[in-house]
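Note that the working numbering has the sequence shown beginning at 5, numbered continuously upward. The beta carbon of each residue, even a glycine, is placed where N, CA and C say it ideally should be. Quantities reported herein were computed from a predicted structural model and do not represent experimental measurements. Below is one structure; the comments refer to it alone.
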Amino acid sequence: MNPQALMDGLVTGSMIGLGAIGVTLTYSILRFANFAHGEFLAWGAYIALAASGALGWLAPSLLAPIGPFSFGWSLPIAAIAAIALTGGLALLVDAMLFGRLRAQRSTVIILVMASFGAALTLRSLLEFIFTAKPAYYTKALQIALPLGGGLRATPDQLLSLGLAAILVVAIHLLLTRTAIGRSMRAVSENRQLAGVVGVDVRKVIRTVWLLGAGLAAVAGIMAGLLVQVRPYMGLDLLLPLFAAAILGGIGSVPGAMLAGLIVGLAEAFAVQFVGAEWRAAIAFVILVAVLLFRPQGIFGRPE
């Protein structure tokens, strides 16, 4: 067994986990599976790419690598803008589409089908604006550092793992230690009752869209930094995101991240043992197994 598959799986799993948090929050609050969520990853990655390029053009010194990393200050600054703009995009989609459907008391299947349409629209817009040609934040080569036990990782990979861990802890504290977090949990349990006792349901919904899209943007930037930026990157990650969200338990932030790591590790070891052509099927197998044997997920409660 190649121990490097462990590191590859952790890095991939951290990206899947961050994206799955948005999926699980959206489902627990709005009660529908948003298949457009993967496109927020791609939009966040492309917005950061465009903003980083613009900053580099205005101030070339911002492109100089930061310490051992492959990128300069232009990317972290662009990432902040990408998180904010991707959150704004999610709010716009909700205002133009999902909010109107909720106001009409549309059924879940209509919301799901609408999310398919939103996904196709967002992906087509990306491809129209940026073309289908892959892009990169940087073409600098990095040397993987030995970590012991046969494991090696680049500084960018280690940064991605550390950032994912910090964000998961921050979101968990937000949900458990703040007023808006308690409101989100109340709406998740019973939206009508939460509204009756004074919870601002609209504010909670806006917060969920901002959080989910912001985390998706971070995951997309991580994927673009470690692999490449493509219009279909969100579609490629969509099934692993849903597998992780369901495996972790709907509404559980730590569960989504843990399940994301499990899915990432499963994919990495599948490449080693059964071949890369089966990698895409692993998330589907995990999803079916969870639905059959433990539909509530790792941290979820049976209904």
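Cβ-based burial, residue i [other Cβ within 10 Å; buried from 16]
i, result
"Phe1", "Shown here, the chain extends from 5 to 307; a query on residue 1 therefore has no answer."
"Thr135", "exposed"
"Met226", "buried"
"Gly166", "exposed"
"Ser56", "buried"
"Tyr141", "buried"
"Leu163", "buried"
"Ala217", "buried"
"Arg234", "buried"
"Leu230", "buried"
"Ser372", "No answer is possible for residue 372: it lies beyond the span of the chain, which begins at 5 and ends at 307."
"Ala157", "buried"
"Gln232", "exposed"
"Ala118", "buried"
"Phe36", "buried"
Residue interval of the beta strand (DSSP E) (run including residue i)
i, result
"Leu67", "That residue, Leu67, is in no beta strand (DSSP E); it is neither H nor E in DSSP."
"Pro244", "Segment Met237 to Gly252 is the alpha helix (DSSP H) holding Pro244; no beta strand (DSSP E) there."
"Arg156", "Leu155 to Ala157"
"Leu151", "Leu149 to Gly152"
Candidates the options, of which the one nearest residue i by Cα
i, options, result
"Leu53", "Phe246, Thr28, Trp77 and Thr182", "Trp77"
"Ala63", "Tyr50, Leu79 and Gly48", "Leu79"
"Ser18", "Leu171, Gly71 and Arg156", "Leu171"
"Leu1", "Val231, Leu59, Thr30 and Tyr236", "Because the chain is modelled from 5 through 307, residue 1 falls outside the range shown and cannot be assessed."
"Leu155", "Phe75, Ile302, Leu14 and Gln300", "Leu14"
"Gly238", "Leu124, Thr30, Leu93 and Val112", "Leu124"
"Leu178", "Val212, Leu145, Ala157 and Gln146", "Val212"
"Ser32", "Arg195, Val294 and Arg234", "Arg195"
"Arg283", "Leu126, Gly268 and Val292", "Gly268"
"Ala99", "Ile113, Ala190, Met117 and Ala122", "Ala122"
"Thr180", "Gln161, Val257, Pro150 and Val231", "Val257"
"Ala24", "Gln276, Leu241 and Leu145", "Leu241"
"Phe75", "Gly228, Ile286, Glu271 and Phe303", "Gly228"
"Ala285", "Val294, Ala274 and Leu295", "Ala274"
"Leu126", "Glu281, Ile209, Leu101 and Ala270", "Leu101"
"Leu132", "Gly224, Trp47 and Phe303", "Note on residue identity: the sequence assigns Phe, not Leu, to residue 132. For the residues Gly224, Trp47 and Phe303, the minimum Cα distance to Phe132 belongs to Trp47."
"Thr90", "His176, Ile250 and Leu219", "Leu219"
Limits of the unbroken alpha helix (DSSP H) element including residue i
i, result
"Phe273", "Val257 to Phe277"
"Val222", "Val205 to Leu230"
"Ala122", "Val112 to Phe134"
"Glu281", "No alpha helix (DSSP H) contains Glu281, which DSSP labels as neither H nor E."
"Met100", "Segment: none, Met100 is in no alpha helix (DSSP H) and carries neither H nor E."
"Val200", "Arg195 to Val200"
(message) Across the segment 5 to 14 and the segment 199 to 214, are there enough close Cβ pairs to call them in contact, namely three or more that are closer than 8 angstroms?
(response) With a cut-off of 8 angstroms on Cβ pairs, the segment 5 to 14 is not in contact with the segment 199 to 214, counting fewer than three such pairs.
(message) Would the segment 250 to 263 count as touching the segment 76 to 87 if we require 3 or more Cβ pairs under 8 angstroms?
(response) Judged by Cβ distances under 8 angstroms, the segment 250 to 263 makes no contact with the segment 76 to 87, as fewer than three pairs qualify.
(message) Just to confirm the assignment: which complete alpha helix (DSSP H) runs, minimum length 4, are found wholly within the segment 33 to 80?
(response) The DSSP assignment places 41 to 62 as complete runs of the alpha helix (DSSP H) inside the segment 33 to 80, in order along the chain (cut-off: 4 residues).
(message) Under 8 angstroms, with one C-beta from each stretch per pair, do the segment 244 to 255 and the segment 26 to 45 reach the 3-pair mark?
(response) Here the segment 244 to 255 lies against the segment 26 to 45, with 3 or more beta-carbon pairs under 8 angstroms apart.
(request) Answer yes if the segment 14 to 31 comes into contact with the segment 97 to 111, meaning at least three C-beta pairs across the two stretches below 8 angstroms, and no otherwise. (result) With a cut-off of 8 angstroms, the segment 14 to 31 and the segment 97 to 111 do not count as touching, because too few Cβ pairs lie within range.
(request) Only counting runs of 4 or more residues, tell me where the alpha helix (DSSP H) segments fall wholly within the segment 158 to 194, in order along the chain. (result) List check, alpha helix (DSSP H) in window: 159 to 181 and 183 to 193.
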